[in-house]
Amino acid sequence: MNRLFITAAKELHFARAAKLEGIPRSSMIAAVKQLEQNLGYPLFDYDAETTVLTPEGVAFAEKAAADLAKSTGNSTITAPQAGGKAKASKGKGRAPAVKGAPRVGKRRQSR
Numbered sequence: 027m028n029r030l031f032i033t034a035a036k037e038l039h040f041a042r043a044a045k046l047e048g049i050p051r052s053s054m055i056a057a058v059k060q061l062e063q064n065l066g067y068p069l070f071d072y073d074a075e076t077t078v079l080t081p082e083g084v085a086f087a088e089k090a091a092a093d094l095a096k097s098t099g100n101s102t103i104t105a106p107q108a109g110g111k112a113k114a115s116k117g118k119g120r121a122p123a124v125k126g127a128p129r130v131g132k133r134r135q136s137r
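First residue of the sequence shown? That's 27 in this note's numbering, and the numbers climb one at a time after it.
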């Protein structure tokens, strides 16, 4: 949750921050709101024309970034790398049957 807040604080734009983290914008906003509720004070000024941090938000962002850098051992925060095991398609390997169309590979019954 702190990582999401740090990204939002750096970008000062929830949609861009969510895109960087690979999550929907609504999830980013919900995570920040949940963090604000847990802390008991707002981190962003929602009444301003643009996204800005409150003084408490600036202080918390600095502390959270330092804590995250210390826990990961890096001084810079990077997005997680994409990758992993590719999954094969589990389809039938042919197009689905269409009602009224002749079935492929089936002969008509002769008389």
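Each residue gets a CB set at the ideal place from its N, CA and C atoms; glycine is no exception. Fair warning: this is a prediction, and the values are worked out from it, not measured in the lab.
* Environment of L38 [buried if 16+ CB atoms lie within 10 Å] -> Here residue 38 corresponds to residue number 12 of the sequence shown, with the count starting at 1. By the neighbour-count rule (16 or more Cβ atoms within 10 Å), L38 is not buried but exposed.
* Please name the residue in G126, E75 and V58 whose C-alpha comes closest to that of G87. => Here residue 87 corresponds to residue number 61 of the sequence shown, with the count starting at 1. Inspection of the sequence shows that residue 87 is occupied by Ala rather than by Gly. Ranking G126, E75 and V58 by Cα distance to A87 puts V58 first.
* Asked: In its own chain, which residues sit with a C-beta less than 6 Å from the C-beta of R51, not counting the 5 before and 5 after it?
  -> The sequence position of residue 51 within the sequence shown is 25, counting from 1. Once the five neighbours on either side are set aside, the close Cβ partners of R51 are F40, A41 and A44.
* Residues of its chain near I32, where Cβ-Cβ distance is below 8 Å and the 5 sequence neighbours each way are ignored -> In the sequence shown, counting from the first residue as 1, residue 32 sits at position 6. Closer than 8 Å at the Cβ level, and outside the excluded window around I32, lie A87, A90, A91, L94 and I103.
* Reducing DSSP to helix, strand and coil, say where D93 ends up. => Locating residue 93 in the sequence shown gives position 67, counting from the first residue. D93: helix per DSSP, three-state reduction.
* To do: For the alpha helix (DSSP H) containing K59, list its first residue and its last residue.
  => Here residue 59 refers to the residue found at position 33 when the sequence shown is read from its first residue. Note, K59: alpha helix (DSSP H), R51 to L65.
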